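All remarks here apply to the structure that follows.
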Amino acid sequence: MVTHPSRSNCTTGIRGLLSAIVFAWLWNSAPAFAQLIPDQSLPENSRLLRDGSRIHVEGGTQAGGNLFHSFQEFSIPQDLQVHFDNAASIERIITRVTGGEMSQLDGHLSANGAASFILVNPQGIEFGERARLSLGGMFMATTAEGLQFADGSIWGTSPSETSTLLTVSTPVGVQFGDRPGPILNRSLALDDQGTPMGLGALRLSLLGGEVHFEGGQARSPLSVTVGSFGPGTVVGLDGQGGIAEVNSQELGTIRLSRQGGIGGGAIRLLGDRLEMTEGAQVVSLNPGMMAIDMTDSVHLDGESQMISLNGPDLEIQTGTFRLENGSRLVASQGNEGGQGGAIRINAREAIVLRGVGFEPFNLFLAGAATGQLDPEGDTIGGIFSFTTAGQGGEVEVTTGGDFTAENGVILFMPTFAGGQGGNLTLEVGGTLSLNEGAIVNATTLNSRGVGGDTDVKVGSLRLANGSTLANLTLGDGPAGDISIQAQHRVEVLDSRPDAFVPTGIFNNSLFGSGPAGDITIETGDFINRGGGLVTSNTGGTLGGGLVTEGGPGGNISITAENLMQIVGVSADGQLTSGPGTTTFGVFPAGNLTLNTRRLEIGDGAIVSTATVGAGDAGTLTVNAREVEVFGRSPITGLPSILVSSSGRGDVPLDATGEGGDLRLVSDRLTVRDGAVLDVRSFGSGSAGLLDIQARDILLDRGGSLSAATVTGLGGNIQVRSQNLQLRRGSGISTNAGSTDGGNIRLDTATLVALENSDITANALEGRGGRVSITAEGIFGTEFREVQTDQSDITATSALGAEFSGIVEINTPDADSTAGLVELETDTTDPSEQIVQDCLGQDNRFSIIGRGGRPEDPQLGLATRLGWRDQRDWRTLTGEPQTPPPQPQTQTPPLQEATTWVMSATGQVSLVSQQRETEVFLNWSCP
Numbered sequence: 002m003v004t005h006p007s008r009s010n011c012t013t014g015i016r017g018l019l020s021a022i023v024f025a026w027l028w029n030s031a032p033a034f035a036q037l038i039p040d041q042s043l044p045e046n047s048r049l050l051r052d053g054s055r056i057h058v059e060g061g062t063q064a065g066g067n068l069f070h071s072f073q074e075f076s077i078p079q080d081l082q083v084h085f086d087n088a089a090s091i092e093r094i095i096t097r098v099t100g101g102e103m104s105q106l107d108g109h110l111s112a113n114g115a116a117s118f119i120l121v122n123p124q125g126i127e128f129g130e131r132a133r134l135s136l137g138g139m140f141m142a143t144t145a146e147g148l149q150f151a152d153g154s155i156w157g158t159s160p161s162e163t164s165t166l167l168t169v170s171t172p173v174g175v176q177f178g179d180r181p182g183p184i185l186n187r188s189l190a191l192d193d194q195g196t197p198m199g200l201g202a203l204r205l206s207l208l209g210g211e212v213h214f215e216g217g218q219a220r221s222p223l224s225v226t227v228g229s230f231g232p233g234t235v236v237g238l239d240g241q242g243g244i245a246e247v248n249s250q251e252l253g254t255i256r257l258s259r260q261g262g263i264g265g266g267a268i269r270l271l272g273d274r275l276e277m278t279e280g281a282q283v284v285s286l287n288p289g290m291m292a293i294d295m296t297d298s299v300h301l302d303g304e305s306q307m308i309s310l311n312g313p314d315l316e317i318q319t320g321t322f323r324l325e326n327g328s329r330l331v332a333s334q335g336n337e338g339g340q341g342g343a344i345r346i347n348a349r350e351a352i353v354l355r356g357v358g359f360e361p362f363n364l365f366l367a368g369a370a371t372g373q374l375d376p377e378g379d380t381i382g383g384i385f386s387f388t389t390a391g392q393g394g395e396v397e398v399t400t401g402g403d404f405t406a407e408n409g410v411i412l413f414m415p416t417f418a419g420g421q422g423g424n425l426t427l428e429v430g431g432t433l434s435l436n437e438g439a440i441v442n443a444t445t446l447n448s449r450g451v452g453g454d455t456d457v458k459v460g461s462l463r464l465a466n467g468s469t470l471a472n473l474t475l476g477d478g479p480a481g482d483i484s485i486q487a488q489h490r491v492e493v494l495d496s497r498p499d500a501f502v503p504t505g506i507f508n509n510s511l512f513g514s515g516p517a518g519d520i521t522i523e524t525g526d527f528i529n530r531g532g533g534l535v536t537s538n539t540g541g542t543l544g545g546g547l548v549t550e551g552g553p554g555g556n557i558s559i560t561a562e563n564l565m566q567i568v569g570v571s572a573d574g575q576l577t578s579g580p581g582t583t584t585f586g587v588f589p590a591g592n593l594t595l596n597t598r599r600l601e602i603g604d605g606a607i608v609s610t611a612t613v614g615a616g617d618a619g620t621l622t623v624n625a626r627e628v629e630v631f632g633r634s635p636i637t638g639l640p641s642i643l644v645s646s647s648g649r650g651d652v653p654l655d656a657t658g659e660g661g662d663l664r665l666v667s668d669r670l671t672v673r674d675g676a677v678l679d680v681r682s683f684g685s686g687s688a689g690l691l692d693i694q695a696r697d698i699l700l701d702r703g704g705s706l707s708a709a710t711v712t713g714l715g716g717n718i719q720v721r722s723q724n725l726q727l728r729r730g731s732g733i734s735t736n737a738g739s740t741d742g743g744n745i746r747l748d749t750a751t752l753v754a755l756e757n758s759d760i761t762a763n764a765l766e767g768r769g770g771r772v773s774i775t776a777e778g779i780f781g782t783e784f785r786e787v788q789t790d791q792s793d794i795t796a797t798s799a800l801g802a803e804f805s806g807i808v809e810i811n812t813p814d815a816d817s818t819a820g821l822v823e824l825e826t827d828t829t830d831p832s833e834q835i836v837q838d839c840l841g842q843d844n845r846f847s848i849i850g851r852g853g854r855p856e857d858p859q860l861g862l863a864t865r866l867g868w869r870d871q872r873d874w875r876t877l878t879g880e881p882q883t884p885p886p887q888p889q890t891q892t893p894p895l896q897e898a899t900t901w902v903m904s905a906t907g908q909v910s911l912v913s914q915q916r917e918t919e920v921f922l923n924w925s926c927p
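Here it is, written out as structure tokens:
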């Protein structure tokens, strides 16, 4: 049997089919509307109208220039545009989300005209990779619970709040709840021209709990503001979406990762911590400034960057600032000129800059020093301020704690073309430590620019292991000055063999004609060892090569209140520790001045001013209460030297410039164990003057004062002292090669030269020099025609006696026989008279006189003889005489020394002529 459906069954089937079709249409349309649901809480609610992939939002409640919308849910799926149709009179569209769900904006949000857009959702706001904004005005996304207006009203995110709260006023603040939602940006959207934009608006503001940029971008031509706030925070607004003030007990974290970036004119980031990693960037363009304010820390890692282009200042306020692994702060002033942007970092607790290793750092310094530097190219990690034209921005770094730069990081301020370099200021309450790090302020190769100054104020400064603090000029403009004030100490330590640049503080002029700047150091202790250097040179050595071009050298002044210790050489023996100025070219070198309480120079260290070219060497001046120069290098065997020279033994150049003077003022000077104080000439230039003024001078175990020359005019030595001692093979010499010997002038109270210690002004192929000695006493040495194995004073010439120099010795009359007593010529035997007067009695007889013992050990030898019986004192002839005076207990008066004696140990003592005393024969008759 075949059964047909009834009419009613047929009707039911048709209706079911129609229902299925309608349901399917609604289902396919649901994604467009299910995430955009008005909450029906306004007098005039929002209306949605779909037009293909575009949803128009109409309606809303207008109050003056404000248009209010309220949604239970507000999200935009990918490939969907949500467009707010607003009247031209609307200044801002204010949209809140009341349903308790996060807003996920994966599509395109737009509005008419120049209206601003404010989105408020306390649960959180997330922007997907294809999220895009097309707005004529400001865009602000916030996870606050309420929006405050100028009239005092608050529009919260509860749907129960009625339309009576709507206002025509301008929003002036946001109020966060107990658990502020996050803001997450992943937007990588392209603009209409295909340029990666991410989120873009005239002004852009993201104010939430934690704010994360996971690869997302945010850009604005005028300003970008990002803030992360804790529970209960009230944020005042400036009327354009920016932050005016904050009332908060707790702030949150802003994190940029996966190459996430922020770009704009003015940029403001505010929170507790800023973390940038994996190539994240924040870029500010003129006009504007970049202000980073984090209560706890700012941390840039993994090649992240903050960049200021053509004017904006970059200011960072935080507790701890860390920049690591190729990350950078950059301020660049291009060809447009004008005022470059400044970089200012103020970290209350500490600053740490850490690079990616010594090798790329070393290569970068080599490129910078030889002019192979592209200002637009990639760089190693650090802080950079580039100037091409106009005035470069300054760099100011301040912390109350320590500042550490290590593992191949740099603070670099180059000036290209004709720019004016910015100044560098470092204020560190603790220790500024550079370990495989550099701070360089320089003009570049072929530039006409002017270098900025470097001003350092620290608790202590430490440079080690190839680190550099330098001002340089490689062009025709001048380098800036370096000023260092360290409360406790400055340490310059340990040059390394593989470094292109030694460890040191430098202010040099290379390649161009620009003058080098000065170096001024003031500290408690100055410690320089392991081949560290402090130099201001014209020309120099780079990577083993010589550079003879350079402008005038700068001056160096180092003042150490307590101790200045300069010792040792580098691990390979190639570099000697010590400050110095040198000219390799035609311009003069600068002067070097050392001021301290105690100066120690030892183990092969060299403190010098020199010329190895046509320019003159500078003057070396030392002012110290105590100076000790000692020893030799344990690696090379070369002596420790305090020297000013024309020419250098390690530089194969013919020096024609004149050597400088070496002037030393001290209470006590010790030069021992082969060390040398020296003015000399290796070439045709003249040697300078060695001028020493010291109360006590000791040259011991081969220590020497020298003014030697080869072909140049002989150097001179002038010494003023109270006590001058030369011991165990020490010497004072102005010996010469093919020219006349130099002159020696010694003005001293006592001159002692023992154990083959010589004073010589000899010459090989010229005349001997002049030796002039003025002393109250000269001991252990004397003038001789030739040198002997004794202590000599000579002025000879290898050409013969007729070419000998002059020796003048000026001393007061000193009678070497003053201690001898002339004996009486009457040799009558006193015993005969005694025997006659005491004949037949029980007699005792003694003689007190030469070879005897005086009655009082304080009395000297007697000059009158006598004897005593039981009644009277008598002469040798038996006549009565006045008895000798009784011993006196008072201290005898001081008397002028008239002769000298030497002890068994070689100690020389000055003594006076012995007082006239009496010697008596002691005889008694019972």
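First residue of the sequence shown: 2, per the numbering used here; consecutive thereafter.
We treat Cβ as the ideally placed atom computed from N, Cα and C, and that holds for glycine.
Bear in mind the structure is a predicted one, so any value in this text is a computation, not a measurement.
| Check | Outcome |
| --- | --- |
| For Leu238, the nearest candidate out of Gly210, Ser206 and Gly262 (CA to CA) | Ser206 |
| Inter-residue Cα distance where the pair is Leu595 and Ala615 | 26 Å |
| Beta-bridge pairing of Ile810 - partner residues as DSSP gives them | Ile774 |
| Of the listed residues Gly650, Asp697, Glu627 and Ser707, nearest to Asp662 (C-alpha basis) | Ser707 |
| Cβ-based neighbour list, Leu427, same chain, cut-off 6 Å, excluding 5 preceding and 5 following | Val398 and Val457 |
| Selected residue, minimal CA-CA separation from Leu221, among Ser496, Pro197 and Thr234 | It should be pointed out that residue 221 corresponds to Ser in this sequence rather than to Leu. Considering only alpha carbons, the answer is Pro197. |
| Simplified DSSP assignment, three categories, for Phe365 | helix |
| Sub-9 Å separation of Gly770 and Thr735 beta-carbons | yes |
| Where Phe177 falls: helix, strand or coil (DSSP) | coil |
| Cut-off 6 Å between Cβ atoms - residues of its own chain near Arg664, not counting five sequence neighbours on either side | Thr622 and Asp692 |
| Nearest-angstrom Cβ-Cβ length linking Gln334 and Asn311, presumed shorter than 8 Å | 6 Å |
| Residues near Ala115 by beta carbon distance below 7 Å, same chain, minus five either side | Gly137 and Gly138 |
| Burial state of Leu191 (16 or more Cβ within 10 Å) | exposed |
| DSSP beta-bridge partners of Pro172 | Phe150 |
| Given Asp741 as reference, the closest of Gly732, Ala709 and Leu755 once Cα atoms are compared | Ala709 |
| Beta-carbon contacts of Ser722 that lie in its chain and below 6 Å, excluding the five residues immediately before and after | Ala695, Ile698 and Thr749 |
| Assigned exposure category for Asp604 - 16 Cβ within 10 Å defines buried | buried |
| Where Asp302 falls, given that 16 or more other Cβ within 10 Å makes a residue buried | buried |
| Check whether Ile557 and Thr536 have beta carbons under 9 Å apart | yes |
| Asn447 versus Glu492: straight-line alpha-carbon distance, rounded | 33 Å |
| Meets three-Cβ-pair contact criterion under 8 Å: the stretch 52-59 and the stretch 166-173 | no |
| Secondary structure of Ala370, DSSP reduced to three states | helix |
| Inter-residue Cα distance where the pair is Gln41 and Gln176 | 24 Å |
| Pairwise C-alpha distance: Glu211 and Ala471 | 41 Å |
| Outcome for Ser161 when other beta-carbon atoms lying within 10 angstroms are tallied against a minimum of 16 | exposed |
| Cβ-Cβ separation, Leu37 to Phe75 (assumed contact under 8 Å), whole Å | 6 Å |
| Reference Ser798; option with closest CA among Glu783, Thr761 and Ile779 | Thr761 |
| Leu665 in three-state terms, based on DSSP | strand |
| Alpha helix (DSSP H) runs contained entirely in the stretch 524-561, provided each spans 4 or more residues | none |
| Simplified DSSP assignment, three categories, for Ala332 | strand |
| Residue from Ala112, Gln79, Asp674 and Leu81 with nearest C-alpha to Ser90 | Ala112 |
| Check whether Met103 and Gly182 have beta carbons under 9 Å apart | yes |
| Inter-residue spacing [alpha-carbon to alpha-carbon] between Gly409 and Val429 | 20 Å |
| Burial state of Ile718, where buried means 16 or more other Cβ atoms lie within 10 Å | buried |
| Closest Cα partner of Ala487 within the set Ala561, Asn724, Arg449 and Asn538 | Ala561 |
| Of the listed residues Glu756, Asn347, Leu315 and Met307, nearest to Ser937 (C-alpha basis) | Shown here, the chain extends from 2 to 927; a query on residue 937 therefore has no answer. |
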